Amino acid sequence: MGLLSILRKLKSAPDQEVRILLLGLDNAGKTTLLKQLASEDISHITPTQGFNIKSVQSQGFKLNVWDIGGQRKIRPYWRNYFENTDILIYVIDSADRKRFEETGQELAELLEEEKLSCVPVLIFANKQDLLTAAPASEIAEGLNLHTIRDRVWQIQSCSALTGEGVQDGMNWVCKNVNAKKK
Amino acid sequence: MKLKSLLLRYYPPGIMLEYETNGELKTKSIDLLELDPSTDVGALVEEIQKAEPLITASRAEKVRLLVQRLQAKLEQNSKHIFCLVKVLRAHILPLTNVALNKSGSCFITGSYDRMCKVWDTRSGEQLHTLEGHRNVVYTIAFNNPYGDKIATGSFDKTCKLWSAETGECYHTFRGHTAEIVCLSFNPQSTLVATGSMDTTAKLWDIQSGEEVFTLTGHLAEIISLSFDTSGSRIITGSFDHTVIVWDTSTARKVHTLIGHCAEISSSVFNWDCSLILTGSMDKTCMLWDATNGKCIATLTGHDDEILDSCFDYAGKLFATASADGTARVYCTATRKCISKLEGHEGEISKISFNPQGNRLLTGSSDKTARIWDAHTGECLQVLEGHVDEIFSCTFNYKGNIVITGSKDNTCRIWC
Numbered sequence: 001m002g003l004l005s006i007l008r009k010l011k012s013a014p015d016q017e018v019r020i021l022l023l024g025l026d027n028a029g030k031t032t033l034l035k036q037l038a039s040e041d042i043s044h045i046t047p048t049q050g051f052n053i054k055s056v057q058s059q060g061f062k063l064n065v066w067d068i069g070g071q072r073k074i075r076p077y078w079r080n081y082f083e084n085t086d087i088l089i090y091v092i093d094s095a096d097r098k099r100f101e102e103t104g105q106e107l108a109e110l111l112e113e114e115k116l117s118c119v120p121v122l123i124f125a126n127k128q129d130l131l132t133a134a135p136a137s138e139i140a141e142g143l144n145l146h147t148i149r150d151r152v153w154q155i156q157s158c159s160a161l162t163g164e165g166v167q168d169g170m171n172w173v174c175k176n177v178n179a180k181k182k
Numbered sequence: 001m002k003l004k005s006l007l008l009r010y011y012p013p014g015i016m017l018e019y020e021t022n023g024e025l026k027t028k029s030i031d032l033l034e035l036d037p038s039t040d041v042g043a044l045v046e047e048i049q050k051a052e053p054l055i056t057a058s059r060a061e062k063v064r065l066l067v068q069r070l071q072a073k074l075e076q077n078s079k080h081i082f083c084l085v086k087v088l089r090a091h092i093l094p095l096t097n098v099a100l101n102k103s104g105s106c107f108i109t110g111s112y113d114r115m116c117k118v119w120d121t122r123s124g125e126q127l128h129t130l131e132g133h134r135n136v137v138y139t140i141a142f143n144n145p146y147g148d149k150i151a152t153g154s155f156d157k158t159c160k161l162w163s164a165e166t167g168e169c170y171h172t173f174r175g176h177t178a179e180i181v182c183l184s185f186n187p188q189s190t191l192v193a194t195g196s197m198d199t200t201a202k203l204w205d206i207q208s209g210e211e212v213f214t215l216t217g218h219l220a221e222i223i224s225l226s227f228d229t230s231g232s233r234i235i236t237g238s239f240d241h242t243v244i245v246w247d248t249s250t251a252r253k254v255h256t257l258i259g260h261c262a263e264i265s266s267s268v269f270n271w272d273c274s275l276i277l278t279g280s281m282d283k284t285c286m287l288w289d290a291t292n293g294k295c296i297a298t299l300t301g302h303d304d305e306i307l308d309s310c311f312d313y314a315g316k317l318f319a320t321a322s323a324d325g326t327a328r329v330y331c332t333a334t335r336k337c338i339s340k341l342e343g344h345e346g347e348i349s350k351i352s353f354n355p356q357g358n359r360l361l362t363g364s365s366d367k368t369a370r371i372w373d374a375h376t377g378e379c380l381q382v383l384e385g386h387v388d389e390i391f392s393c394t395f396n397y398k399g400n401i402v403i404t405g406s407k408d409n410t411c412r413i414w415c
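From first to last, the protein sequence lines are chains A and B. In terms of the UniProt record's numbering, the first sequence opens at residue 1 and continues consecutively. In terms of the UniProt record's numbering, the second sequence opens at residue 1 and continues consecutively.
(1) Could you name the residues of the same chain whose beta carbon sits closer than 6 angstroms to that of A/R19, not counting the 5 residues immediately before and after it, in chain order?
(2) I need the straight-line Cα distance from A/Q36 to A/G29, nearest angstrom please.
(3) Enumerate in chain order the residues of its own chain whose CB-to-CB distance from B/Y138 is below 8 angstroms, with the five nearest sequence positions on each side excluded.
(4) Starting from the C-beta of B/D113, find all residues in its chain whose C-beta is less than 6 angstroms away, skip the five residues before and the five after it, and write them out in chain order.
(5) Which chain B residues sit within Cβ distance under 7 angstroms of A/I45?
(6) Measure the CB-CB distance between B/I15 and B/L74 and report whether it falls below 9 angstroms.
(7) Strictly by DSSP, which residues pair up with A/E17?
(8) Under 9 angstroms, Cβ to Cβ, is there at least one residue of chain A near B/A323?
(9) For B/K336, count neighbouring C-beta atoms within 10 Å of its own C-beta (all shown protein chains included) and say buried if the count is 16 or more, exposed if not.
(10) Report the CB separation of B/R412 from B/V87 in whole angstroms; it is logged as a contact under 8 angstroms.
(11) Mind checking the stretch 72 to 95 of chain A against chain B and listing, in chain order, the residues whose C-beta falls within less than 7 angstroms of any C-beta there?
(12) Should the stretch 371 to 387 of chain B be called in touch with the stretch 341 to 358 of chain B, which here means at least 3 C-beta pairs below 8 angstroms?
(13) Comparing C-alpha positions only, which one of B/T256, B/I48 and B/G399 sits nearest to B/H241?
(14) Any heavy atom of the ligand HEM closer than 8 angstroms to the Cβ of B/R89?
(15) For chain B, is any of its Cβ atoms less than 9 angstroms away from the one on A/R8?
(16) Which one of B/W271, B/R89 and B/L8 has the shortest CA to CA distance from B/D228?
(17) Just the Cα atoms here: how many angstroms apart are B/G279 and A/H44?
(18) B/F155 touches chain A at which residues, Cβ-Cβ below 7 angstroms?
(19) Which residues in the same chain have their Cβ closer than 7 angstroms to the Cβ of B/V45, if we skip the five residues on either side of it in sequence?
(20) Would you list the one or two residues that DSSP bridges to residue 419 of chain B?
(21) Interface residues of chain B around A/L3 at Cβ under 8 angstroms?
(22) Whole angstroms is fine: what's the gap from A/Q16's alpha carbon to B/H386's?
(23) Given a cut-off of 9 angstroms, decide if A/L34 and A/D67 are closer than it, judged by their beta-carbon atoms.
(24) What separation, rounded to the nearest whole angstrom, lies between the Cα atoms of B/L127 and B/N101?
(25) Taking the alpha-carbon positions, what's the B/F269 to B/K4 distance?
(26) Can you give the Cα-Cα distance for B/K157 and B/L203, rounded to whole angstroms?
(27) Answer with yes or no whether the minimum CB distance from B/L17 to chain A is below 9 angstroms.
(28) Based on Cα-Cα distance, which residue from B/K316, B/D148, B/H80 and B/A141 lies nearest to B/E34?
(29) Note down the Cα distance separating B/V402 from A/I6, rounded to an integer number of angstroms.
(30) Is DSSP giving B/W271 helix, strand or coil here?
(31) Using the DSSP secondary-structure output, state which residues sit across from B/S111 in a beta bridge.
(32) Any chance the stretch 90 to 97 of chain A sits against the stretch 44 to 64 of chain A, with 3 or more Cβ pairs inside 8 angstroms?
(33) Rounded to a whole number of angstroms, what is the C-alpha to C-alpha distance between A/L21 and B/T410?
(34) If I follow the unbroken alpha helix (DSSP H) through A/I6, where does it start and stop?
(35) By how many angstroms is the C-alpha of B/A43 removed from the C-alpha of B/W372?
(36) Using a C-beta to C-beta distance shorter than 7 angstroms, which residues of chain A count as neighbours of B/K407?
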């Protein structure tokens, strides 16, 4: 990667490149999702202390996905990465009901950010492989997603571990990038 | 004209003459860029005497001793083995760049956590935290050789000037409309130049804090800039595939170096400012005549993008680092590749010579930095320990300290 490649990914992307920001609380499964997207080994994933960037080809687009660490103390730095974001993907641990309020709060704050205004948001209701996982519909309701009116949004249940639902989510991403970039 | 004193400059080797003329004290330098450990000192002193009237027969012996000192300095620390002395959990987010002051007594780190920190090299103690930027601190510099000021350039579009001694912020330079990604003090330490993703570079007055000039002309992001040795010209390298040479006193374009067919990754002058070396994503590097802006040579051979390039202090050699995981060393005079540095298991994003010019330091995405013999290409040391890729690495002026900064949020001191 190197600093220079980061600068190249920073500039406003050409038409066929999409800048995707992957956010969510710690342990939501962002890095696992990133690695699943890049078809990489997901057996040894540690908490992200900074960020990871991967580029994946999908439906004629080059998706530059930025996975940003979600621990509380580094959340104030999320805004370092807002510039030129085409799509926001917000990942939720559907089995961690204790933190639904916290994750809802963080999402609400993101949707208030000026630099992310009108940016389409995909919410992954992750960890559906766990028996205790709340269904996407319940999360949508709990987070009042239906009140989002200033942008297109979608909630998609998935398991970053098994890969189920991930492609459906990315299809939605490509479709909405299409709409935006055209 | 009366010679008052003789001073030494170790790297690149040179003798400074302080002399008096019409009651005025002046200086000039005798550059000994070709000096190497095998140079015949007697013959060189004779040559100096012939060319420089201030060096009279009575001074010859003194000059001979000085040249021998310079010769010894070129070999100093050449057998040095680097050992890890400190791991600093410097920041809570990845580091960007690191920089040392000239003596090596302290160094600075920039980070995604929006701070720049000043560290004591010997103790590893944190001396100051330079806080105030609202986004990533990407590019940082000391005003060497003085080392009393620090400049920081940020993704928040501003550059700040700080006291290295107290950590006080003297000025915030505002005006760029996008991220600042490269900066440099001029050699006199009267100006700071900043290069930005907004396609412009700006020169700022250190005393007044005012903008002096905006250098407008590039069609895409500026990602590299450097002054020449005198400070009268500056070059900017851009994602628009070109490098522009500017006159710093008028902000006029002197030359546009057109030839690369992809983004520029680095651009530097050699010491005597006769040449410019540029590296590009087009997998080549080019040598240019700095006086007329003409391309002298295109060096091919790398299988992937060139991410960094540099001259040694004297300009005798230059080196390129590539995303293909190798680096190459070239002789400036012949433009022949004299060695290939093979061994890294990932792209090499940083390369620099030690001031003596016999060693190279590379930093890679394989999480290691390596020390190489510049002439044979042999890997002498692998500096291992970082747990994520290395974003920056640098030698001090004596060539016996290395600082590495990593995406793993730490920096390491190797002595």
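Cβ atoms here follow ideal geometry from the backbone N, Cα and C, with glycine treated the same way. Computed from a prediction, not measured in an experiment: that's the story for all the values here.
Concretely, from the data shown:
(1) The residue labelled residue 19 of chain A in the question sits at position 19 within the first sequence. Cβ within range, chain order: A13, N64, N84, T85 and D86.
(2) For this step, residue 36 of chain A is matched to residue 36 along the first sequence. For this step, residue 29 of chain A is matched to residue 29 along the first sequence. So the two alpha carbons sit approximately 10 angstroms from each other.
(3) Within the second sequence, residue 138 of chain B is the residue found at index 138, counting from 1. Here the set comprises T96, N97, G110, G153, S154, F155, E179, I180 and V181.
(4) Counted from its first residue, the second sequence places residue 113 of chain B at position 113. So the list reads H91, I92 and L93, once near-sequence residues are dropped.
(5) If you number the first sequence from 1, residue 45 of chain A lands on position 45. Chain B residues near A/I45: none, gap ~14 angstroms exceeds 7 angstroms.
(6) Taking the second sequence and counting its residues from 1, the one referred to as residue 15 of chain B is at position 15. Taking the second sequence and counting its residues from 1, the one referred to as residue 74 of chain B is at position 74. The answer is no: Cβ separation not under 9 angstroms.
(7) Stepping through the first sequence from its first residue, residue 17 of chain A is reached at position 17. Note: A/E17 sits in a beta bridge opposite A/K62.
(8) Residue 323 of chain B sits at position 323 when you count from the first residue of the second sequence. For B/A323, the answer is yes, since a Cβ of chain A falls inside 9 angstroms of its Cβ.
(9) Working through the second sequence from its first residue, we reach residue 336 of chain B at position 336. Exposed, by the Cβ-count rule.
(10) As a working mapping, residue 412 of chain B is identified with position 412 in the second sequence. As a working mapping, residue 87 of chain B is identified with position 87 in the second sequence. Contact holds; Cβ gap of about 5 angstroms.
(11) K73, I74, Y77 and N80
(12) yes
(13) Walking along the second sequence from the start, residue 241 of chain B turns up at place 241. Answer by Cα proximity: B/T256.
(14) Among the components of this structure there are no ligands whatsoever, and the ligand HEM is therefore not found.
(15) Translated into the one-based positions of the first sequence, residue 8 of chain A becomes position 8. Output row for A/R8: interface = yes.
(16) Taking the first residue of the second sequence as position 1, residue 228 of chain B is located at position 228. The shortest Cα separation from B/D228 among B/W271, B/R89 and B/L8 belongs to B/W271.
(17) Mapped onto the second sequence, residue 279 of chain B falls at position 279. Mapped onto the first sequence, residue 44 of chain A falls at position 44. Straight-line Cα distance between these residues: approximately 37 angstroms.
(18) Residue 155 of chain B sits at position 155 when you count from the first residue of the second sequence. Per Cβ cutoff of 7 angstroms: N80.
(19) The sequence position of residue 45 of chain B within the second sequence is 45, counting from 1. Cβ within range, chain order: A60, V63, R64 and V67.
(20) Given that chain B is displayed from residue 1 to residue 415, the structure contains no residue 419 of chain B and the question cannot be resolved.
(21) Reading the first sequence from its first residue, position 3 is the one you call residue 3 of chain A. Those within 8 angstroms of A/L3 in chain B are T96, N97, Y138, S349, F391 and S392.
(22) In the first sequence, the residue the question calls residue 16 of chain A occupies position 16. In the second sequence, the residue the question calls residue 386 of chain B occupies position 386. Each residue's Cα considered, the two are about 35 angstroms apart.
(23) As a working mapping, residue 67 of chain A is identified with position 67 in the first sequence. As a working mapping, residue 34 of chain A is identified with position 34 in the first sequence. Against a cut-off of 9 angstroms, the Cβ pair of A/L34 and A/D67 comes out as a contact.
(24) What you label residue 127 of chain B is simply residue 127 of the second sequence in a count that begins at 1. What you label residue 101 of chain B is simply residue 101 of the second sequence in a count that begins at 1. Approximately 14 angstroms between the Cα atoms of the pair.
(25) Mapped onto the second sequence, residue 269 of chain B falls at position 269. Mapped onto the second sequence, residue 4 of chain B falls at position 4. When rounded, the distance between both Cα atoms is 32 angstroms.
(26) Working through the second sequence from its first residue, we reach residue 157 of chain B at position 157. Working through the second sequence from its first residue, we reach residue 203 of chain B at position 203. The straight-line gap from Cα to Cα measures roughly 14 angstroms.
(27) Here residue 17 of chain B refers to the residue found at position 17 of the second sequence. So no, B/L17 is outside the interface.
(28) As a working note, residue 34 of chain B is residue 34 in the second sequence. Comparing Cα-Cα distances from B/E34 to each of B/K316, B/D148, B/H80 and B/A141, the minimum goes to B/K316.
(29) The sequence position of residue 402 of chain B within the second sequence is 402, counting from 1. The sequence position of residue 6 of chain A within the first sequence is 6, counting from 1. Distance between the alpha carbons of B/V402 and A/I6 is about 24 angstroms.
(30) On the second sequence, residue 271 of chain B is found 271 positions in, with the first residue counted as 1. Three-state DSSP puts B/W271 in coil, outside helix and strand.
(31) Residue mapping note: residue 111 of chain B aligns to position 111 of the second sequence, counting from 1. DSSP output for B/S111 lists B/L95 as bridge partner(s).
(32) no
(33) As a working note, residue 21 of chain A is residue 21 in the first sequence. As a working note, residue 410 of chain B is residue 410 in the second sequence. So the alpha carbons of these two residues sit roughly 25 angstroms apart.
(34) Here residue 6 of chain A refers to the residue found at position 6 of the first sequence. Segment G2 to L10, the alpha helix (DSSP H) holding A/I6.
(35) For this step, residue 372 of chain B is matched to residue 372 along the second sequence. For this step, residue 43 of chain B is matched to residue 43 along the second sequence. Distance between the alpha carbons of B/W372 and B/A43 is about 32 angstroms.
(36) Stepping through the second sequence from its first residue, residue 407 of chain B is reached at position 407. By Cβ distance, chain A contributes G50.
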